[in-house]
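These notes are about the structure you will find just below.
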Amino acid sequence: MASASCTADKDEAVEFRQIGKGFCGSVWAADRPGPAWALKREDGGPLRSVLRDSASHQIIEQSLKHFQATAALATKLNIPQHRAMVLGNDQQWWNERYQRFPSNYEHCNTLITERILPVARPAREKLVDLFCHQKSQEAIKNSRKDEDCLIRPYIGRRRNHFSCPSPFFTLRNKPLLSNQLEELGLPVEEYAAVMADALAIIFWHSHLDANDVEFVLAPARAGESATESDVLGAHRLWVLDFDCVKSMTMDEQGIDQAAKAFFRNDPFYPRPDGEHENDHKLWRIFVERFLASSSVIIGDSKLPGTMVKRLEELGTERKYRAERIRRAEENDLAVS
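Number 1715 in this note's numbering belongs to position 218 of the sequence shown; there are no gaps in the numbering.
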């Protein structure tokens, strides 16, 4: 299943280096000039599949390309280019490359995509200075592992109280909460609108529930228009990781499935149960854009409005549940 274009590196002697690891498996890349590829190995949890990741990735990639070109939706969103799906029993491919992995790594299904390049060193050092405990800063700045830096924009989570820099700090998949993004002067409202476009396309054109997909901030491709930032430099929003995505039906059952996936996911999206004024504003921006984009994709349909209603119902339930827990904890403290 590997395409011919992905066999060009078979004679390269550069070893693959692990640049990430998740529930689905480990992610590897070769540090060399030329096209940057990422290899996602299926060596994680037993229920995770890079075959499913590959299939969903291609569906979503085609949907995004279509609406970026024809309707100017999600024009500031990138998805890594799908390159190849290599099976564990592809002896020719593995015989040509197995020595580039550590000796204890067996052959397994491996998804090859364009690599999302890491945030540049000046931006990494600024983040370390701002958010890392002073005693750990030099070690993090000189850590090879922490060079593989992608930013996870958690627009749906905010910390309203002051917090000290953390001694437990890593730049790999570094989360930045909504208040931190705002403090850095990053265009949070723009990110929210782009995510709304992405979900509308994935739901109504790809017919997938977007379960556990990930968004990161990272450098744009060469020659692309990009969002400029004093901290992150020229960057774009990227969407990736589709191994948990499931098909959804275009009815209330599918709406409920996707709405629950929305809240199960890490808090990338604005959420209806936020307490800060800025959270309410972000939710309104997200909903307005989601409904407008959905109208472009599926016309005059009740499904997008039903989705928003279900998200807000679940948000209200979450808010009441959190309030009950808070009151119970206060009562326990009062009794003790």
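Glycine included, each C-beta is placed from N, C-alpha and C at the ideal position. These numbers were taken from a predicted model, which means no experiment stands behind them.
Can you list the alpha helix (DSSP H) stretches of 4 or more residues lying completely in the region 1583 to 1652, in chain order?
1588 to 1594, 1618 to 1628, 1634 to 1638
Could you have a look at Glu1681 and say whether DSSP puts it in helix, strand or coil?
The sequence shown places Leu at residue 1681, rather than the Glu named in the question. Residue state, collapsed to three classes: coil.
Minimum length 3: unbroken beta strand (DSSP E) runs contained in the region 1665 to 1742:
1671 to 1674, 1711 to 1716, 1732 to 1737
Please classify Met1747: is it buried, with 16 or more other beta-carbons within 10 angstroms of its beta-carbon, or exposed?
exposed
Under the three-state DSSP convention, the category Ala1510 falls into
coil
Residue from Gln1589, Val1547, Gly1751, Pro1543 with nearest C-alpha to Thr1803
Gly1751
Quick one: using the 10 Å Cβ neighbour count with 16 as the cut-off for buried, is Gly1653 buried or exposed?
buried
Identity of the residue in Glu1686, Leu1561, Leu1584, Trp1701 nearest His1765 by Cα
Checking the displayed sequence, the identity of residue 1765 turns out to be Phe instead of His. Nearest C-alpha to Phe1765: Glu1686.
Excluding the 5 residues flanking Asn1775 on each side, which residues of the same chain have their C-beta closer than 6 Å to its C-beta?
none
Going by the beta-carbon positions, is the gap between Pro1716 and Ala1731 smaller than 8 Å?
yes
Between which two residues does the alpha helix (DSSP H) harbouring Arg1815 extend?
1800 to 1832
CB-CB under 8 Å to Gly1519, same chain, minus the five flanking residues each way: which ones, in chain order?
Gly1541, Asp1738
For Glu1558, which residues of its own chain have a beta-carbon under 8 Å away from its beta-carbon, when the five flanking residues on both sides are left out?
Ile1576, Gln1578, His1579
Which of helix, strand or coil does DSSP assign to Gln1578?
coil
Contact belief for Arg1656 with Asn1670 at Cβ below 8 Å, rounded distance in angstroms:
No, Arg1656 and Asn1670 are not in contact; Cβ-Cβ is about 18 Å, not under 8 Å.
Which residue from Asp1763, Glu1749, Asn1708, Leu1729 puts its Cα closest to that of Gly1553?
This sequence places Ser at residue 1553; Gly is not what is there. The candidate whose alpha carbon is nearest that of Ser1553 is Asn1708.
Closer than 6 Å by C-beta to Ala1501: which residues in its own chain qualify, once you throw out the five before and the five after it? Chain order, please.
Unreliable positioning characterises Ala1501 in this predicted model, as indicated by a pLDDT of 38, which lies under 50. The coordinate reading is nonetheless provided below. If we look at Ala1501 and ignore the five residues flanking it on each side, it has no Cβ neighbours.
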